[in-house]
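Worksheet: one structure, shown below.
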Amino acid sequence: MKEEKVRIRQATLDDIPQMVEVDQRAWWDEVAFTAEHFESQIRTYPQGVLVAEAAINGRKRLVGTICGLRISSALANSLHNWSEATGNGYFTTHIPNGNVMFGANLSVLPEFGRKGIGDKLFGHAAAVIVRQNVPYLIFGGRLPDLAEYNRKRIAEDLSKVTGEEYAALRDGQGRILDDELRFYLRQPFMEMIRVLPEYFPDPESENYGVLLKWHNPLYKLHLGWLYRIPLLGRVIGLLGASIIRVLV
Ligand SMILES: CC(C)(COP(=O)(O)OP(=O)(O)OC[C@H]1O[C@@H](n2cnc3c(N)ncnc32)[C@H](O)[C@@H]1OP(=O)(O)O)[C@@H](O)C(=O)NCCC(=O)NCCS
1 MKEEKVRIRQ ATLDDIPQMV EVDQRAWWDE VAFTAEHFES QIRTYPQGVL
51 VAEAAINGRK RLVGTICGLR ISSALANSLH NWSEATGNGY FTTHIPNGNV
101 MFGANLSVLP EFGRKGIGDK LFGHAAAVIV RQNVPYLIFG GRLPDLAEYN
151 RKRIAEDLSK VTGEEYAALR DGQGRILDDE LRFYLRQPFM EMIRVLPEYF
201 PDPESENYGV LLKWHNPLYK LHLGWLYRIP LLGRVIGLLG ASIIRVLV
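Start counting the sequence shown at 1; every next residue gets the next number (this note's numbering).
Right, dumping it as structure tokens:
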């Protein structure tokens with residue numbers, strides 16, 4: 001499958017059965033979103049819910065999803081876990097003019113992994129942030145290789161490392177050790193804030209999350225007032241979104 005055949009678009013209610021399938025395959029039962037979650041998210045904030053649609057042998061199939069909501073900076077600054085940011089996945093914490101975008105989920109079907117679909121979904125989510133002139137995105141990344149890393153250390157009679165220690169580790173070539181943390185930090189304008197214990201139930205990451213912040217580079221140009229001029233604002237938003245899709 002060629003990457004060009006994957007199109008990212010806003011989700012609709014008709015997509016829900018396939019979105020549930022993608023999420024269940026990418027995650028595990030206890031944490032995967034249900035149809036009720038996706039319906040609540042799409043009804044609450046449709047611009048924040050995107051899907052990756054692949055054309056395979058002429059048939060369309062959803063292979064990935066990404067979603068986020070807008071929250072207040074007060075909530076963002078005091079954030080402890082995923083559930084309180086997302087209203088347990090139902091987006092009840094969404095505020096239409098909230099000045100922080102919160103990334104709630106990113107899932108790609110395992111058999112379509114490592115083909116650039118996650119990157120592409122992230123680029124389109126970044127474009128939404130630019131189009132809506134939101135200053136930044138925050139979200140909790142996982143450390144899914146941590147539990148396995150600690151299992152090996154214990155087998156070698158070494159002590160376990162904490163999430164903080166693990167997130168700082170590099171491989172022999174100086175690259176971030178954890179595959180998924182490397183995926184996030186290779187995105188331009190991304191910054192790691194801190195490691196959060198008990199972020200959400202995730203045995204592979206020993207329940208740790210990594211709080212990450214993606215800065216909207218166009219927001220810093222102070223063009224916010226232009227966005228408020230109806231037609232011009234829309235043109236600037238679309239232009240900014242196209243630029244960001246190339247950069248990210
Ligand atoms: C993390 C995830 C979204 C990546 O999607 P993807 O389409 O494979 O990503 P891309 O092809 O754009 O990028 C590949 C990079 O992602 C990372 N990655 C890919 N598959 C991975 C996996 N199974 N586990 C961890 N990291 C992975 C690696 O850094 C990889 O880079 P590399 O190939 O140079 O080593 C996907 O593996 C997934 O859905 N995982 C399960 C759910 C999850 O953890 N979601 C993110 C947390 S909100």
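From the three backbone atoms N, C-alpha and C, an ideal C-beta is built for every residue, glycine too.
Please tell me whether, using a cut-off of 6 Å, the distance from the CB of VAL31 to the nearest non-hydrogen atom of ligand 1 is below it. For ligand 1, not one heavy atom lies less than 6 Å from the Cβ of VAL31.
Kindly indicate which three-state DSSP category LYS220 falls into: helix, strand or coil? In the displayed model, LYS220 falls within a helix according to three-state DSSP.
My guess is that GLU30 and ILE16 are in contact by the Cβ rule of under 8 Å, so how many angstroms apart are they, rounded? Not confirmed; about 20 Å, so no contact.
Closest residue to PRO135 among ARG70, ASN207 and ASP23 (Cα-Cα distance): Among ARG70, ASN207 and ASP23, the Cα nearest to that of PRO135 belongs to ARG70.
Please go through the same chain and pick out, in chain order, the residues whose beta-carbon is closer than 8 Å to the beta-carbon of GLU3, but skip the five residues on each side of it. For GLU3, the pLDDT reaches just 45, beneath the cut-off of 50, and the residue's location in the model is therefore unreliable, leaving the point undetermined.
Among all the DSSP beta bridges, which residues are the ones paired with ASN133? Answer is none; ASN133 lacks a bridge partner.
For LEU146, which residues of its own chain have a beta-carbon under 6 Å away from its beta-carbon, when the five flanking residues on both sides are left out? TYR166, SER205 and GLU206
DSSP three-state assignment for GLN187, whether helix, strand or coil: It is coil, neither helix nor strand.
Can you find a heavy atom of ligand 1 that lies under 6 Å from the Cβ of ILE176? no
Nearest neighbour of HIS80, chosen from ILE66, ILE129, GLY140 and LEU109 [CA to CA]: GLY140
Quick check: the region 143 to 159 against the region 174 to 194, are there 3 or more CB pairs under 8 Å? In this structure the region 143 to 159 touches the region 174 to 194; the number of beta carbon pairs closer than 8 Å is three or more.
Would you mind working out which of VAL51, ARG9, VAL6 and TYR208 sits nearest VAL20, comparing C-alpha positions? VAL51
On the CB-based measure, 16 or more other CB atoms within 10 Å of its CB, does GLY113 come out buried or exposed? exposed
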